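The numbering of the sequence shown is this note's numbering, which starts it at 701 and goes up by one.
Read the structure below first, then the notes.
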Amino acid sequence: MSNEQRSGKEKTIFGKEKNPSAILPQKLTLDSKIKFRCHPGVKCFTACCRGIKIVLTPYDILQLIKRLDIPAHEFLHTYTQPTYLEKTDMPGVMIKLNDEDEHKCPFVTPEGCTVYEDRPSACRYYPVGMADFHEGGSRDADGNETLGDEDKFFFMVKEDHCKGFEEDKEWTVREWRADQGVDVRDEMNKEWLRLIMRRKSYGVQATLSEQAKRMFFMASTDLAHFRRFIFESSFLDTYEVDEETLAKVKEDDVELMFFSFKFLAATLFGAQTMTIKPAKVEAKIEQIKQRQDESVLNSVREYEELMAARD
Ligand code: SF4
Ligand code: SF4
């Protein structure tokens, strides 16, 4: 059985837990009060770090490879396994659980999480979930799903084994999110999650080419590889990228990540987030015209052949 099949639970970054019965039926706002605390003294300490599906965002991977001081390809090979994101055909990765050790997360020890300060986004959200990004329903000029602050709502997810709810600590959702670093993660993950939600809302009828899927996977999991793609392929012959942006994406991984989201929105969904160089556009138009000319000539030829056969 694969890790994925074994994972009954899912720490989710997408707003909904796998187990809907664990969601408490109460809509919360940022100012709603919640009672919860997780600390090494709880009986269930680290119980939620096993048998679980933890999907990684590009920012999660960026932080973890810095923390572990290893290249992305080594991280992906050692600590992750492939998965599909949010019931779409978009490929991503999840943490690979230890096969021989109760299907635990490779970063958990009896003392707690060894990468705590850089733990994945999904590990930070529990027990406060946020409504799906696509539930707002409206779209911006680029066709992106939008969700205004006023449309956001939160909900609690209460797993039976979790003793954190028996603790006395009370805080607002806002305080909880700030404490867990969720606000920062939301900002870092927002555009990437939108790509997935967009794919989901288009449905599987709209096909995504294998090449597009490979590009999405590469940019989402290995930004060093994506940087090489920008600077060592014909990328810069094709796209207009100003000097300032180029200098940033060369040096700064987070800028590179944001740039990759724009690139993916343009190539996967035709968003107006990248500009193709005029010479490339003209060459493409010429190519299409030539193809059309050829197809017209072919049709004329076929017609003449048919007529000749009839005569
Ligand atoms: S990364 Fe840390 S918090 Fe998340 S499941 Fe693993 S050990 Fe637990
Ligand atoms: S209190 Fe809940 S979140 Fe904390 S370790 Fe226990 S099960 Fe996990």
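Cβ coordinates follow ideal geometry from the N, Cα and C atoms, glycine included.
A quick note: this is a predicted structure, and the numbers were derived from the prediction, not measured.
Environment of isoleucine 976 [buried if 16+ CB atoms lie within 10 Å]: Per the 10 Å Cβ criterion, exposed.
Per DSSP, the bridge partner or partners of phenylalanine 855: According to DSSP, phenylalanine 855 bridges with Gly829.
Valine 873 versus methionine 790: straight-line alpha-carbon distance, rounded: The straight-line gap separating the alpha-carbon atoms of valine 873 and methionine 790 is approximately 31 Å.
Per-residue burial, glycine 864 [other beta carbons within 10 Å of its own, 16 or more giving buried]: Residue environment: glycine 864 is assigned as buried (16 or more neighbouring CB atoms within 10 Å of its CB, all protein chains considered).
Contact set for threonine 788: own chain, Cβ-Cβ below 8 Å, skip 5 residues either direction: Cβ contact annotation for threonine 788 (same chain, cutoff 8 Å, sequence separation greater than five): Ile896, Arg899, Lys900, Val904, in chain order.
Alpha-carbon spacing of cysteine 805 relative to isoleucine 795, whole angstroms: Cysteine 805 and isoleucine 795 have their alpha carbons spaced roughly 7 Å apart.
Helix, strand or coil at aspartate 978 according to DSSP, with G and I counted as helix: This sequence places proline at residue 978; aspartate is not what is there. Correct three-state label for proline 978: helix.
Other residues of its chain near arginine 1010: CB distance less than 8 Å, five sequence neighbours each side excluded: Within the same chain, arginine 1010 has no close Cβ partners at all.
Collapsed DSSP secondary structure at arginine 874 in the structure displayed: Arginine 874: helix per DSSP, three-state reduction.
Cβ-Cβ separation, isoleucine 754 to alanine 822 (assumed contact under 8 Å), whole Å: Between isoleucine 754 and alanine 822 the Cβ distance is about 5 Å, and since that is below 8 Å, they are a contact.
Burial state of phenylalanine 931, where buried means 16 or more other Cβ atoms lie within 10 Å: The residue is exposed, with fewer than 16 neighbouring Cβ atoms inside 10 Å.
Assigned exposure category for glutamate 943 - 16 Cβ within 10 Å defines buried: Exposed.
DSSP state of arginine 928 mapped onto helix, strand, coil: For arginine 928, the three-state secondary structure derived from DSSP is helix.
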